[in-house]
Amino acid sequence: MWGAAAMMLTMTQMTPLEQLRSPTAPVLEFRFRIDAYVDPEIPIDDRATGELEFIPITGGTVEGVLNGVVTPGGDWCLSKDPTTYRVEARYGLRLEGGGYVDVHNIGMLDESRFAARAGEGAPYFMTNPVFRSVEPGLEWLNRSVFVGQAEVLEGLTRIDVFEVVFPR
């Protein structure tokens, strides 16, 4: 009896953070790769918060658990300083078999931070894509959280898309 009372007293003295169990990190599972073809940027505005540019997305491909083509759209890029860019892209995916997915992708490109990728340094370019579709069989896109690891290549932006899932 005294043991339970002592435990209760100890728990009431603990802060909420101390009462939490150890966190379990989610897992990233690769789902598909988007190669979005882009045209040169178009300057839009130069403001105190940075330079705003529009980068036309002219097409591209998606391969993985989704396969198809990228439909035209654009990427609004706000340069915070000479090496840091906040990106916000809108475009679509027309899938083999007839489905359509709306894409809204927000991210950060920081050329001052590098990560080892395929044996060479690549700038930090991470995104948080949100997908929407009314197509049967694609509802999981509406209910999942995704992370994109992106890179800028000649004439395109490549995004490897990972779904955030519980550990198994």
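Numbering (this note's numbering), first residue to last: 111 to 278.
Idealized CB from N, CA, C, for every residue including glycine.
Remember, predicted model here, so these are calculated numbers, not experimental data.
>> Going by DSSP, what residue range makes up the beta strand (DSSP E) through residue 198?
In response: 194-205
> If you follow the beta strand (DSSP E) that residue 151 is part of, which residue opens it and which one closes it?
Replying inline: No beta strand (DSSP E) contains residue 151, which DSSP labels as neither H nor E.
> Is residue 78 helix, strand or coil when you go by DSSP?
Replying inline: For residue 78 there is no data in the structure shown, the boundaries of the chain being 111 and 278.
>> Can you find the residues in the same chain that come closer than 6 Å, C-beta to C-beta, to residue 161, ignoring five residues on each side of it along the sequence?
In response: 189
>> Does residue 146 pass the burial test, meaning 16 or more other C-beta atoms within 10 Å, or should it be called exposed?
In response: buried
> Looking at the structure shown, is residue 252 part of a helix, part of a strand, or coil, going by DSSP?
Replying inline: helix
>> Tell me the DSSP secondary structure of residue 189 in three-state form.
In response: strand
>> So, with DSSP's three-state summary, where would you put residue 209?
In response: coil
> Would a C-beta distance cut-off of 7 Å place residue 177 and residue 206 closer than the cut-off?
Replying inline: yes
>> Distance check for residue 259 and residue 169, CA to CA, integer angstroms please.
In response: 19 Å
>> Does residue 176 come out as helix, strand or coil in the three-state DSSP assignment?
In response: coil
> With 16 as the cutoff for other CB atoms within 10 Å, does residue 228 come out buried or exposed?
Replying inline: Residue placement at residue 228 is poorly supported in this model, since its pLDDT is 49, which falls under 50; the coordinates still yield a value, given next. Label assigned to residue 228: exposed.
> Buried or exposed: where does residue 173 fall if 16 or more other Cβ atoms within 10 Å of its Cβ makes it buried?
Replying inline: exposed
>> What would DSSP say about residue 141, mapped onto helix, strand or coil?
In response: strand
> Under three-state DSSP, which class holds residue 161?
Replying inline: strand
>> By DSSP's criteria, residue 265 is part of a beta bridge. Which residues make up the other side?
In response: Answer is none; residue 265 lacks a bridge partner.
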